[in-house]
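Order-wise, the sequence lines are chains H and R.
Following the numbering used here, the numbering of the first sequence begins with 5 at its first residue and continues without gaps.
Following the numbering used here, the numbering of the second sequence begins with 6 at its first residue and continues without gaps.
Positions of the beta carbon are idealized from the N, C-alpha and C atoms, including for glycine.
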Amino acid sequence: MYAFAYHRPTSVRQAANLLGKLDEAKIVAGGHTLLPTMKQRLAAPANLVDLNGVNELRGIERSGRSVTIGAMTTHAEVAESADVKAAIPALAELAEMIGDPAVRHRGTIGGSVANNDPAADYPAACLALGATIVTNKRKIAADEYFKGLFETALGDGEIVTKVSFPIPQKAAYMKFRNPASRYALVGVFVAKRAAEIRVAVTGAGQNGVFRWAAAEEALKKRFAAKSLEGLAHPAEGLNGDIHADVTYRAHLIGVMARRAVAAATDRE
Amino acid sequence: MAAVSMTVNGKAVTGDIEPRTLLVQFLRENLRLTGTHVGCDTSQCGACVVHMDGRAIKACTILALQCERAQVTTIEGLANGAELHPMQAAFREHHGLQCGFCTPGMIMTAVDIVNRKGNSLDEHTIRNELEGNLCRCTGYHNIVKAIAAGAQAMGHGLVAQAAE
Ligand SMILES: Cc1cc2nc3c(=O)[nH]c(=O)nc-3n(C[C@H](O)[C@H](O)[C@H](O)COP(=O)(O)OP(=O)(O)OC[C@H]3O[C@@H](n4cnc5c(N)ncnc54)[C@H](O)[C@@H]3O)c2cc1C
Ligand code: FES
Ligand code: FES
Numbered sequence: 005m006y007a008f009a010y011h012r013p014t015s016v017r018q019a020a021n022l023l024g025k026l027d028e029a030k031i032v033a034g035g036h037t038l039l040p041t042m043k044q045r046l047a048a049p050a051n052l053v054d055l056n057g058v059n060e061l062r063g064i065e066r067s068g069r070s071v072t073i074g075a076m077t078t079h080a081e082v083a084e085s086a087d088v089k090a091a092i093p094a095l096a097e098l099a100e101m102i103g104d105p106a107v108r109h110r111g112t113i114g115g116s117v118a119n120n121d122p123a124a125d126y127p128a129a130c131l132a133l134g135a136t137i138v139t140n141k142r143k144i145a146a147d148e149y150f151k152g153l154f155e156t157a158l159g160d161g162e163i164v165t166k167v168s169f170p171i172p173q174k175a176a177y178m179k180f181r182n183p184a185s186r187y188a189l190v191g192v193f194v195a196k197r198a199a200e201i202r203v204a205v206t207g208a209g210q211n212g213v214f215r216w217a218a219a220e221e222a223l224k225k226r227f228a229a230k231s232l233e234g235l236a237h238p239a240e241g242l243n244g245d246i247h248a249d250v251t252y253r254a255h256l257i258g259v260m261a262r263r264a265v266a267a268a269t270d271r272e
Numbered sequence: 006m007a008a009v010s011m012t013v014n015g016k017a018v019t020g021d022i023e024p025r026t027l028l029v030q031f032l033r034e035n036l037r038l039t040g041t042h043v044g045c046d047t048s049q050c051g052a053c054v055v056h057m058d059g060r061a062i063k064a065c066t067i068l069a070l071q072c073e074r075a076q077v078t079t080i081e082g083l084a085n086g087a088e089l090h091p092m093q094a095a096f097r098e099h100h101g102l103q104c105g106f107c108t109p110g111m112i113m114t115a116v117d118i119v120n121r122k123g124n125s126l127d128e129h130t131i132r133n134e135l136e137g138n139l140c141r142c143t144g145y146h147n148i149v150k151a152i153a154a155g156a157q158a159m160g161h162g163l164v165a166q167a168a169e
């Protein structure tokens with residue numbers, strides 16, 4: 005790891021000021037993507053701005069229609085939250101499937117959505133549930149936020165402060181893990197809301213998380229796993245690597261989508 | 006250089022370190038607590054697991070400066086003098102180790118599992134919770150047995166618990 009200067013602001017405003025005035029500054033949240041990358045010398049920020057002292061970025065709030073999660077809330081806190089379990093059990097289950105217990109004790113939702121790893125889990129939940137990503141400057145709809153591999157709508161020095169998830173009628177997430185890294189080889193999040201049904205796929209796309217329109221269309225007729233029978237995702241645009249080729253990933257998308265719908269409809 | 010202070014195994018410690026110093030380096034190189042191991046540089050093996058404010062974390066994936074004012078417990082902090090912690094005793098009893106390289110991380114993870122999930126742990130739960138700890142020797146079977154037994158023993162309070 006190359007040398008850097010370390011800063012520990014205690015408010016979002018202080019953090020934003022530091023990011024604005026320091027050269028080559030980077031935020032560190034849970035550090036579970038950034039620190040391994042710095043160890044490999046693939047990132048070498050001159051300044052690290054640690055958000056762990058910013059208490060206003062922690063915590064989970066439930067209102068009648070939505071659950072809002074502070075950016076510095078850890079995966080373990082989301083997985084254990086009684087509010088999340090009651091309002092959007094699929095989201096708590098997703099958090100519980102991230103990495104391993106030690107990763108979940110440090111990794112944060114803000115870091116995950118800011119990083120937008122093509123195999124990360126939260127982006128699928130954000131897209132399927134129609135979440136809003138709130139920053140220190142604005143609110144961004146999930147549809148406008150995820151821009152491609154590790155790319156988001158965030159500007160330089162922009163800080164994700166919270167993510168707000170509308171409460172769906174039914175939802176579930178199914179993940180086929182890469183057994184070594186535990187990231188999603190393919191993960192499918194389905195959500196049924198009053199106005200629409202969404203199917204979001206992570207782990208599989210060349211450009212990161214995406215919606216599977218044909219499946220959404222098929223589920224409109226009836227929200228049941230049967231509606232997806234015989235529906236196959238095309239191999240075009242999918243990612244193939246040593247872990248799984250494109251045809252296998254395409255096949256897994258269908259399987260995970262059917263399982264997710266079955267899990268969503270089975271839930272009491 | 007930057008000043009850092011934290012509590013490690015119940016003792017207040019300080020250091021003057023480079024900001025890029027990882028917690029695991031601070032423990033091993035500054036404090037000479039070499040029970041915490043480093044087995045990878047990808048945050049995947051769990052040989053470095055310690056507790057920070059009562060939760061299992063990977064000491065290789067956090068800066069020492071991020072532990073300012075934190076309570077850290079390492080494998081050295083578990084035993085009560087010459088008397089092993091029940092989880093350590095269970096690993097010995099059930100042959101939960103061969104070379105021992107992964108063992109400190111396994112034991113710190115195991116104690117964290119008990120703290121979160123209680124004293125009756127089934128095999129499925131234990132294996133699931135061990136996702137982030139790799140062992141190249143044992144094939145895990147005896148580790149799982151040791152953790153189930155250690156969890157029970159911790160419940161019986163056979164041995165006084167180390168301060169966390
Ligand atoms: C062994 C291992 C297994 C893992 N398995 C999974 C898995 O199965 N599924 C999964 O989804 N993830 C997995 N992860 C990744 C983990 O979830 C990370 O915690 C997450 O991707 C990044 O969150 P972080 O808080 O650690 O962010 P950091 O590493 O601190 O930061 C990541 C990036 O986001 C930026 N950033 C952080 N917070 C903010 C913010 N509030 N506003 C703006 N920018 C910000 C940083 O500058 C940096 O560029 C795994 C990681 C490890 C080490
Ligand atoms: S050394 Fe920390 S996870 Fe391998
Ligand atoms: S006992 Fe050798 S690595 Fe686990």
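Quick one: what's got a C-beta closer than 6 Å to residue i's C-beta in the same chain, skipping five residues either side?
{"i": "M5(H)", "result": "M42, K43"}
{"i": "A48(H)", "result": "Y6"}
{"i": "Y10(H)", "result": "L52"}
{"i": "A87(R)", "result": "none"}
{"i": "V4(H)", "result": "No answer is possible for residue 4(H): the residues shown for chain H start at 5 and end at 272."}
{"i": "T108(R)", "result": "L102"}
{"i": "A239(H)", "result": "V250, T251, A254"}
{"i": "I246(H)", "result": "none"}
For residue i, report the span of its alpha helix (DSSP H) as first-last.
{"i": "N120(R)", "result": "108–122"}
{"i": "D270(H)", "result": "250–270"}
{"i": "A83(H)", "result": "79–84"}
{"i": "S116(H)", "result": "113–119"}
{"i": "K230(H)", "result": "Counting along the chain, K230(H) falls outside any alpha helix (DSSP H), and DSSP gives it neither H nor E."}
{"i": "P40(H)", "result": "38–43"}
{"i": "V149(R)", "result": "146–161"}
By Cβ distance below 8 Å, which residues in the same chain neighbour residue i in space, the five residues on each side in sequence not counted?
{"i": "T14(H)", "result": "G57, V58, N59"}
{"i": "V164(R)", "result": "Low confidence applies here, because V164(R) scores a pLDDT of 45, under 50, leaving its location unreliable and the question unanswered by this model."}
{"i": "I92(H)", "result": "V71, L133, F169, I171, P172, A175"}
{"i": "T269(H)", "result": "K174, F227, A228, A229"}
From what residue to what residue does the beta strand (DSSP E) around residue i run?
{"i": "P24(R)", "result": "Element bounds for P24(R): n/a, residue is neither H nor E."}
{"i": "R181(H)", "result": "174–181"}
{"i": "D54(H)", "result": "51–54"}
{"i": "T79(R)", "result": "Run containing T79(R): none; DSSP gives neither H nor E here."}
I'd like to check one pair, residue j with residue i: are the Cβ atoms closer than 8 Å?
{"i": "L242(H)", "j": "A254(H)", "result": "yes"}
{"i": "A248(H)", "j": "V192(H)", "result": "no"}
{"i": "R69(H)", "j": "I171(H)", "result": "yes"}
{"i": "Y187(H)", "j": "G212(H)", "result": "no"}
{"i": "G35(H)", "j": "I67(R)", "result": "yes"}
{"i": "L36(R)", "j": "V18(R)", "result": "yes"}
{"i": "L135(R)", "j": "A156(R)", "result": "no"}
{"i": "V265(H)", "j": "V164(H)", "result": "no"}
{"i": "P105(H)", "j": "V117(H)", "result": "no"}
{"i": "G110(R)", "j": "T143(R)", "result": "no"}
{"i": "A204(H)", "j": "L131(H)", "result": "yes"}
{"i": "R202(H)", "j": "G134(H)", "result": "yes"}
{"i": "E155(H)", "j": "N182(H)", "result": "no"}
{"i": "N133(R)", "j": "G160(R)", "result": "no"}
{"i": "L27(R)", "j": "C72(R)", "result": "no"}
{"i": "L98(H)", "j": "A129(H)", "result": "yes"}
My guess is that residue i and residue j are in contact by the Cβ rule of under 8 Å, so how many angstroms apart are they, rounded?
{"i": "A86(H)", "j": "G114(H)", "result": "Not a contact, Cβ separation roughly 21 Å."}
{"i": "T78(H)", "j": "S168(H)", "result": "18 Å between Cβ atoms; not a contact."}
{"i": "M57(R)", "j": "A75(R)", "result": "5 Å"}
{"i": "A153(R)", "j": "I131(R)", "result": "6 Å"}
{"i": "R25(R)", "j": "F8(H)", "result": "6 Å"}
{"i": "I22(R)", "j": "V9(R)", "result": "6 Å"}
{"i": "C50(R)", "j": "A64(R)", "result": "Actually they are not in contact, since the Cβ atoms of C50(R) and A64(R) sit about 12 Å apart, beyond 8 Å."}
{"i": "R45(H)", "j": "A80(H)", "result": "29 Å between Cβ atoms; not a contact."}
{"i": "M113(R)", "j": "A61(R)", "result": "6 Å"}
{"i": "G59(R)", "j": "N138(R)", "result": "Their Cβ separation, rounded to whole angstroms, is 18 Å, which puts G59(R) and N138(R) out of contact at 8 Å."}
{"i": "T12(R)", "j": "V77(R)", "result": "7 Å"}
{"i": "A69(R)", "j": "F31(R)", "result": "4 Å"}
CB-CB under 7 Å to residue i, same chain, minus the five flanking residues each way: which ones, in chain order?
{"i": "V88(H)", "result": "I64, V71, V82, L95, A96"}
{"i": "A166(H)", "result": "Checking the sequence shown, residue 166(H) turns out to be Lys, not Ala. Result list for K166(H): T72, I73, G74, A75, V138, in chain order."}
{"i": "N140(H)", "result": "V16, A20, E162, I163, T165"}
{"i": "I102(H)", "result": "H79, R108, G111, D125"}
{"i": "H237(H)", "result": "W216, A254, I257, G258"}
{"i": "R33(R)", "result": "T39, T41"}
{"i": "F150(H)", "result": "N120, P127, L131, T156, G212, V213"}
{"i": "K224(H)", "result": "I201"}
* Asked: Residues with a Cβ closer than 6 Å to any heavy atom of ligand 2, in chain order?
  -> Per the Cβ criterion, the list is V43(R), G44(R), C45(R), S48(R), Q49(R), C50(R), G51(R), A52(R), C53(R), K63(R), C65(R).
What residues sit near ligand 1, counting only those whose C-beta is closer than 5 Å to one of its heavy atoms, in chain order? Chain-ordered list of matching residues: K30(H), I31(H), V32(H), A33(H), G34(H), G35(H), H36(H), T37(H), L38(H), A75(H), I102(H), G103(H), V107(H), G111(H), T112(H), G114(H), G115(H), S116(H), A118(H), N119(H), A124(H), D125(H), I163(H), V164(H), R186(H), Y187(H), S48(R), Q49(R).
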